[in-house]
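In this note's numbering, the protein residues as written are 395 to 686.
The structure appears below as structure tokens.
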């Protein structure tokens, strides 16, 4: 019983711990992802604002590239990016020029065409292209569109690394709290275990005390029933039955008093006891068993 109580205590505690740790991890994940998305959006805005060429024949020199160094988790990180200018002719066809970025040899590639087609098909100012791990931001300048792309694979790797470290901390905290909960379960159930042992000891003692007068009454009654007693000795045996019955009633009353005390009842009335008479009565009760 005590073992089941301890297991239930530990199970309840660890369930609460798992719920709290899960909520904390989810909140950290959502907050970190939102922060990284904000950082990525800031990069896109800086690229759109700073990385521009007068026309498609003008290249961006390294000194003209925007400073995209960002502090992510205490590390200086430069997110890969590139910008594209789209010119639309009268027939609705687009001509694309890569105007800057950290990528090389993108102009005229099939990958660039695929990225641009998927970007234009979404018809959104800002979005993501999951197949290439890119986030984009579009800017319509009237005669042409400028689109900035940022690689979010580093963003995802940073998020995974961050959550991995937090998950390790959560696992360590889980096992530490498991040990603490086991210790607390034993400490919390110690009074219950003590009371349980005392109750079992009380039941054992009470059973023994009740069995003694019942056995005496049963033996005396059998002797009388079988006619093994002389007529002049019948009052003596009847007196034994009466004394044992009174003793049995006294034990029952004592048990009732103890039950009331456990429920917070009063101690009852005080009375004077003659210890000599009590000892003599006990001696008379145990004399037949001692003779046998």
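C-beta atoms are modelled at their ideal positions from N, C-alpha and C, and glycine is treated no differently.
Every value quoted in this text rests on a predicted model; they were computed, and no experiment measured them.
Excluding the 5 residues preceding and the 5 following residue i in the sequence, name in chain order all residues of the same chain whose CB lies nearer than 8 Å to its CB.
i: residue 538; result: 479, 480, 481 and 482
i: residue 343; result: Nothing can be reported for residue 343, as the shown portion of the chain is limited to 395 through 686.
i: residue 629; result: none
i: residue 550; result: 527
i: residue 509; result: 523, 526, 528 and 543
Kindly indicate which three-state DSSP category residue i falls into: helix, strand or coil?
i: residue 473; result: coil
i: residue 481; result: strand
i: residue 492; result: strand
i: residue 517; result: coil
i: residue 670; result: helix
i: residue 499; result: coil
i: residue 624; result: coil
i: residue 505; result: helix
i: residue 664; result: coil
i: residue 395; result: coil
i: residue 647; result: helix
i: residue 487; result: coil
i: residue 681; result: helix
Distance, Cα to Cα, residue i vs residue j?
i: residue 632; j: residue 617; result: 11 Å
i: residue 583; j: residue 600; result: 25 Å
i: residue 484; j: residue 536; result: 14 Å
i: residue 501; j: residue 565; result: 48 Å
i: residue 607; j: residue 637; result: 9 Å
i: residue 433; j: residue 567; result: 30 Å
i: residue 673; j: residue 679; result: 10 Å
i: residue 563; j: residue 409; result: 18 Å
i: residue 587; j: residue 597; result: 15 Å
i: residue 675; j: residue 651; result: 22 Å
i: residue 547; j: residue 524; result: 10 Å
i: residue 497; j: residue 540; result: 17 Å
i: residue 533; j: residue 413; result: 44 Å
i: residue 575; j: residue 527; result: 44 Å
i: residue 492; j: residue 556; result: 33 Å
i: residue 336; j: residue 571; result: This structure cannot speak to residue 336, because the chain is shown only from 395 to 686.
i: residue 609; j: residue 642; result: 11 Å
i: residue 407; j: residue 424; result: 26 Å
i: residue 647; j: residue 653; result: 10 Å
i: residue 621; j: residue 666; result: 41 Å
i: residue 663; j: residue 619; result: 40 Å
i: residue 398; j: residue 649; result: 29 Å
Leaving aside the five residues before and after residue i along the sequence, list all residues of the same chain whose C-beta is less than 7 Å from its C-beta, in chain order.
i: residue 635; result: 611, 614 and 615
i: residue 639; result: 611
Can you tell me the Cβ-Cβ gap for residue i and residue j, rounded? I've got them flagged as a contact below 8 Å.
i: residue 603; j: residue 645; result: 5 Å
i: residue 590; j: residue 396; result: 6 Å
i: residue 417; j: residue 553; result: 18 Å between Cβ atoms; not a contact.
i: residue 490; j: residue 506; result: 7 Å
i: residue 419; j: residue 560; result: 6 Å
Beta-carbon within less than 6 Å of residue i's beta-carbon, same chain only, minus the 5 sequence neighbours each way: which residues are those?
i: residue 542; result: 438, 441, 442, 477 and 531
i: residue 579; result: 400, 403 and 404
i: residue 415; result: 564
i: residue 668; result: none
Is there at least one non-hydrogen atom of the ligand NAD closer than 6 Å to the beta-carbon of residue i?
i: residue 579; result: With respect to small molecules bound, the structure shown includes none, and the ligand NAD cannot be examined in it.
Which ranges would you report for the beta strand (DSSP E) in the segment 519-576 if only whole runs of at least 3 residues count? Counting whole runs of 3 or more residues, the segment 519-576 contains the beta strand (DSSP E) stretches 520-523, 528-534 and 538-545.
Going residue by residue through the segment 395-446, where are the continuous alpha helix (DSSP H) segments of at least 4 residues, counting only ones entirely within it? Residue ranges of uninterrupted alpha helix (DSSP H) with 4 or more members, entirely inside the segment 395-446 and ordered along the chain, are 396-444.
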